[in-house]
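Numbering (this note's numbering), first residue to last: 171 to 260. Just so it is clear, CB atoms sit at the ideal spot from N, CA and C, and this is done for glycine as well. Since this is a predicted model, take the numbers as computed values, not measurements.
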């Protein structure tokens, strides 16, 4: 059964502290070592964390994620285009 590994930060609707990037990276790399098929990476993480994950992802596939819990971002907005471009970069 394929596993999707996710760390969801508080700003994206979860409980993980967004400032705990070192801890998040350690957990994500553990998921890579365990050969999780998919790794959910929030595009709100720093470029350094995202690049480290992409460089070390092995056979895992990256799913770039962003959540608008307010429902205020329009599909045609510049902000959403910016988020898409960030996700598309990795």
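With the cut-off set at 8 Å, would you say residue i and residue j are in Cβ contact?
i	j	result
residue 235	residue 206	no
residue 211	residue 202	no
residue 177	residue 196	no
Three-state secondary structure (DSSP) at residue i?
i	result
residue 231	strand
residue 210	strand
residue 240	coil
residue 246	coil
Is it buried or exposed, residue i, if we count other Cβ atoms within 10 angstroms and call 16 or more buried?
i	result
residue 245	exposed
residue 198	buried
residue 215	buried
Out of curiosity, what's the CA-to-CA distance linking residue i and residue j?
i	j	result
residue 172	residue 208	8 Å
residue 188	residue 204	23 Å
residue 200	residue 259	23 Å
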